[in-house]
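Peer 1: Offset between the sequence shown (1-based) and our numbering: plus 66.
Even glycine gets a Cβ: it sits at the ideal position worked out from N, Cα and C.
The structure displayed is predicted, hence computed values, not measured ones.
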Amino acid sequence: MKTYYITTPIYYVNDVPHIGHAYTTIAADVAARFKRLAGHDVFFLTGTDEHGIKNLRVAEEQGVSPQAWVDRIAEEFRRLWEFLHISNDDFIRTSEPRHKKVAAAIFQRLYDQGDIYLGTYEGWYCTACETFYTENELGPDRTCPVHTGRTVEWLAEESYLFRLSKYGDWLLDHIQTNPSAVAPDGPKNEVVAFVRSGLKDIAVSRSTFAWGVPVPFDARHVIYVWIDALTNYITAAGYLDDPEKFRRYWPADVHLVGREIVRFHAVIWPIVLHAAGIAVPKQTFAHGWLTFGGQRFSKSLGIVIDPAALSREIAQESGAEVGVAVDALRYFLLREIPFGSDGDFNKPALVHRFNADLANDYGNLLNRTLALVNRYFRGQVPARGPEEGGDAALREVALSAAGTVEEFIDRLDFRGALEAIWQILGAANKYLDGEAPWRSLREGKPERAGAILYNTLEAFRIATILLSPWLVTATTRAWEQLGIPAPLAAQRLPDASRWGGLPAGTRVRPGTPIFPRIEQPAVASRGSKTS
Ligand code: ME8
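1. For a test of the three-state rule: what should DSSP assign to A318, helix, strand or coil?
2. Counting Cβ pairs closer than 8 Å, one from the region 565–576 and one from the region 106–124, do we hit at least three?
3. Tell me which residue opens and which closes the alpha helix (DSSP H) that S506 is part of.
4. Could you check if G368 belongs to the surroundings of the ligand ME8, using beta carbon to heavy atom distance under 7 Å?
5. Given this structure, state the Cα-to-Cα distance separating T599 from A194, to the nearest angstrom.
6. Can you tell me whether A517 is buried or exposed? The criterion is at least 16 other CB atoms within 10 Å of its CB, across all chains shown.
7. Are the beta-carbon atoms belonging to V168 and T297 less than 8 Å from one another?
8. Just list the residues that DSSP pairs D598 with in beta bridges.
9. From H287 to D294, what distance separates their C-alpha atoms?
10. Hey, out of T197, Y70, A222, whose CA is closest to H213's CA?
11. For the beta strand (DSSP E) holding Y77, just list the boundary residues, first then last.
12. For V82, does the three-state DSSP call read helix, strand or coil?
13. How about F581: is its Cβ closer than 7 Å to a heavy atom in the ligand ME8?
14. Could you name the residues of the same chain whose beta carbon sits closer than 6 Å to that of S591, not counting the 5 residues immediately before and after it, in chain order?
15. Indicate whether the contact test is met: 3 or more Cβ pairs, each with one atom in the region 316–327 and one in the region 345–355, closer than 8 Å.
16. Tell me which same chain residues have a C-beta within less than 7 Å of the C-beta of R329, skipping the five on either side of it?
17. Here's the rule I'm using: 16 or more other beta-carbon atoms within 10 Å means buried, otherwise exposed. How should N202 be labelled?
18. Note down, in chain order, each residue of its chain lying with its Cβ closer than 8 Å to the Cβ of P280, except the 5 sequence neighbours on either side.
19. How about the region 269–278 and the region 372–380: do they share at least three Cβ pairs that are nearer than 8 Å?
20. Inspect the CB distances between the region 81–88 and the region 129–146 and report whether three or more fall short of 8 Å.
21. My understanding is that E383 touches I584, with C-beta atoms under 8 Å, so please give their C-beta distance in whole angstroms.
22. With DSSP collapsed to three states, give me the class of L356.
23. Taking DSSP's pairing of strands, which residues face Q361 in a bridge?
24. How is A588 classed by DSSP in three states: helix, strand or coil?
25. Let me check you understand the geometry: is the CB of W355 closer than 7 Å to at least one non-hydrogen atom of the ligand ME8?
26. Whole angstroms is fine: what's the gap from F420's alpha carbon to A386's?
27. For I289, report the span of its beta strand (DSSP E) as first-last.
28. Could you tell me whether any non-hydrogen atom of the ligand MN is closer than 7 Å to the CB of Y428?
29. Apart from the five residues just before and just after G215, which ones in its own chain have a Cβ nearer than 6 Å to its Cβ?
30. Return the chain-ordered ranges of every beta strand (DSSP E) run that is complete within the region 385–442 and spans a minimum of 3 residues.
31. Please name the residue, chosen from L227, T112, R461, D95, that lies closest to G567 on a Cα-to-Cα basis.
32. Could you tell me the alpha carbon to alpha carbon distance between A458 and A494, rounded to whole angstroms?
33. Between which residues of its own chain and G469 is the CB-CB distance below 6 Å, once the five residues before and five after are set aside?
34. Following the continuous alpha helix (DSSP H) through G516, name the residue where it begins and the one where it ends.
35. Assuming D156 is part of the alpha helix (DSSP H), what are its boundary residues?
36. With C-beta atoms as the reference, is P535 less than 8 Å away from R99?
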């Protein structure tokens, strides 16, 4: 069985999660669910990055111990992921013993072989990024290049340094021979240019605070939070504790990250692994940045979107169940913004997608078809009948579109995948309108009417299986209404690649609309900006 190991960044616990964190995690979840559907043995990892000055300072501000603080916020992340239907197989916290052991072992190994040495590090440090910058990387007035307006601090301290400089040529060669090691092209070119400009050794320990993994051979230092954090990906895969598991899942297929942390993942991390004699991940994929009104999410500016509150709001405005509203958010984020590009979050655009795509194209297709089956066929799926009219064309569109979805997912092109599924729904809606089973009924041709309803439902069945990674609750409800006895969770990709899988005679169970329309004036405007 093929394996698929996908990760999200482990998030800092300096604050509660927001929609930016949810964006990455939902994307990883959809890929993980799709790969399970495709029959892969999937390992999907997320977690929290709990050490370092950034987390420590917040705990101090709150007047609690760092451990108490990180326990509290890690729990918030866990709860949010459950609410958003995230199907992670593990949740790693860097304060766990299993992880500290691995971080220390890697550090020791690099030290033993001479790749880590004691020196002094001086430079401009941004505590929000937990990273040093050179003078010419800084913004105006010595501010952080990532955190606009934030002043950096000059730090000079005794520190262990890692010989990053030794491995630049190896990395360039690695990226050249593995063209998909970093994707998409923008971040990849940025990484290559950065490595070409010459890598400097980096500080990999801190000695001015103690909230971290102690350097195993020098208790005055803790391991730099980024080295600590990156090793989470091998800890959870069983690096020290479970060699069999590690062989099975490592190297990871994809590290999904936001663009601002691509250098850590695509420069430092592969070099650390390579130096330590461990295989490097197959790909780091950097997606775009989500903004609101063109601005970064920022608590101080009052720009925060809580995905749980937003989902509840959508549920209330539409009358849909909360799980279905969560599905709409999952769908919207991955449909509206091409994955890899930046995009602005916009509620009217979400409402528009909810009504046009989910309520109309998907939900209403089911409602109107099942209503006819109920009324004219005693609630039982009619026989398929011989192919005529637009039948073969619908079948061909559905099967050929279904056949492309996995390739889109392999490229993390979620929008492309959804557009392919929408070709099926678009064709089915057009088919139902064009073939007009109500006309066949009027003309006294109930078999033909039955065949048209069969084909429509069959296209709907295929779309439902394919959509299940995005619309976790809604597709389950749709499947219940279709009445197919085998559970949706037991369906695999081949079930969406054959025509005729819907058993004639199945007793359908029409229910209330899964996506009731959101009635509000705002739906007319569609200002979502993508770039
Ligand atoms: O960087 N748009 O943690 P972090 C898109 N602990 N994605 C966003 C986003 C936004 N506005 N805001 C956050 C760290 N993200 C480190 C990672 S990994 C070994 C250590 C997502 O809490 C995106 O994935 O700052 C980004 O890279 C990540 O959250 C940063 O989370």
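Peer 2: For this structure:
1. Numbered from 1 along the sequence shown, position 252 holds the residue referred to as residue 318. In the structure shown, A318 sits in coil (DSSP, three-state: anything other than H, G, I, E or B).
2. Output reads no: the region 106–124 does not touch the region 565–576.
3. For the purposes of this step, residue 506 is taken as residue 440 along the sequence shown, with counting starting at 1. Counting along the chain, the alpha helix (DSSP H) containing S506 begins and ends at 503–508.
4. Here residue 368 is taken as the residue at index 302 of the sequence shown, counted from 1. No; taking the cut-off as 7 Å, the Cβ of G368 has no heavy atom of the ligand ME8 nearer than that.
5. In the structure as shown, the chain begins at 67 and stops at 597. Residue 599 is therefore absent and cannot be evaluated.
6. Locating residue 517 in the sequence shown gives position 451, counting from the first residue. Buried.
7. Taking the sequence shown and counting its residues from 1, one reaches residue 168 at position 102. Taking the sequence shown and counting its residues from 1, one reaches residue 297 at position 231. At the C-beta level, V168 and T297 come within 8 Å of one another.
8. With the chain represented from 67 up to 597, any question about residue 598 goes unanswered, as that position is not in the structure.
9. To locate residue 287, count along the sequence shown from 1; it is residue 221. To locate residue 294, count along the sequence shown from 1; it is residue 228. Distance between the alpha carbons of H287 and D294 is about 13 Å.
10. As a working note, residue 213 is residue 147 in the sequence shown. Considering only alpha carbons, the answer is T197.
11. Your numbering for residue 77 matches position 11 in the sequence shown. That run of the beta strand (DSSP E) goes 69–78.
12. Locating residue 82 in the sequence shown gives position 16, counting from the first residue. In the structure shown, V82 sits in coil (DSSP, three-state: anything other than H, G, I, E or B).
13. Taking the first residue of the sequence shown as 1, we reach residue 581 at position 515. No; taking the cut-off as 7 Å, the Cβ of F581 has no heavy atom of the ligand ME8 nearer than that.
14. Residue numbering aside, residue 591 sits at position 525 when the sequence shown is read from its first letter. Residue confidence for S591 is low, a pLDDT of 44 falling below 50, so the modelled location carries little weight; the figure read from the coordinates is stated next. Closer than 6 Å at Cβ, skipping near neighbours: P414.
15. yes
16. Within the sequence shown, residue 329 is the residue found at index 263, counting from 1. V257, F260.
17. Start at 1 with the first residue of the sequence shown, and residue 202 comes out as number 136. Exposed: under 16 other Cβ atoms inside 10 Å.
18. For the purposes of this step, residue 280 is identified with residue 214 of the sequence shown, where counting begins at 1. If we look at P280 and ignore the five residues flanking it on each side, its Cβ neighbours are A170, H287, V288, I289.
19. no
20. yes
21. The residue you call residue 383 lines up with position 317 of the sequence shown. The residue you call residue 584 lines up with position 518 of the sequence shown. About 5 Å separates the two Cβ atoms, so the contact holds.
22. Against the sequence shown, residue 356 aligns to sequence position 290. For L356, the secondary structure class from DSSP, reduced to helix, strand or coil, is strand.
23. Position 295 of the sequence shown, counted from the first residue, corresponds to residue 361. Q361 pairs with F358.
24. The residue you call residue 588 lines up with position 522 of the sequence shown. The predicted position of A588 is uncertain, since its pLDDT is 48 and thus under 50; a value taken from the coordinates is nonetheless stated next. DSSP, reduced to helix, strand and coil, places A588 within a helical segment of the structure shown.
25. Sequence index remark: in the sequence shown, residue 355 carries index 289 (1-based). True, at least one ligand heavy atom lies under 7 Å from that Cβ.
26. Start at 1 with the first residue of the sequence shown, and residue 420 comes out as number 354. Start at 1 with the first residue of the sequence shown, and residue 386 comes out as number 320. Those two C-alpha atoms are separated by around 11 Å.
27. On the sequence shown, position 223 is the one that residue 289 refers to. Taken as a continuous stretch (DSSP letters only), the beta strand (DSSP E) holding I289 covers 284–289.
28. What this structure holds is the ligand ME8, not the ligand MN.
29. Numbered from 1 along the sequence shown, position 149 holds the residue referred to as residue 215. Correct list, in chain order: T209.
30. 409–411
31. For this step, residue 567 is matched to residue 501 along the sequence shown. Nearest option by C-alpha distance: R461.
32. Looking up residue 458 in the sequence shown gives position 392. Looking up residue 494 in the sequence shown gives position 428. Spanning the two alpha carbons is a distance of roughly 12 Å.
33. Locating residue 469 in the sequence shown gives position 403, counting from the first residue. Correct list: empty, nothing qualifies.
34. As a first step, residue 516 must be located in the sequence shown, where it is residue number 450. Per DSSP, G516 belongs to the alpha helix (DSSP H) from 512–533.
35. Position 90 of the sequence shown, counted from the start, is the residue given in the question as residue 156. First-last for D156: 156–159, but that is the beta strand (DSSP E), not the alpha helix (DSSP H).
36. Here residue 535 is taken as the residue at index 469 of the sequence shown, counted from 1. Here residue 99 is taken as the residue at index 33 of the sequence shown, counted from 1. Yes; because the gap between Cβ atoms is below 8 Å, this pair is in contact.
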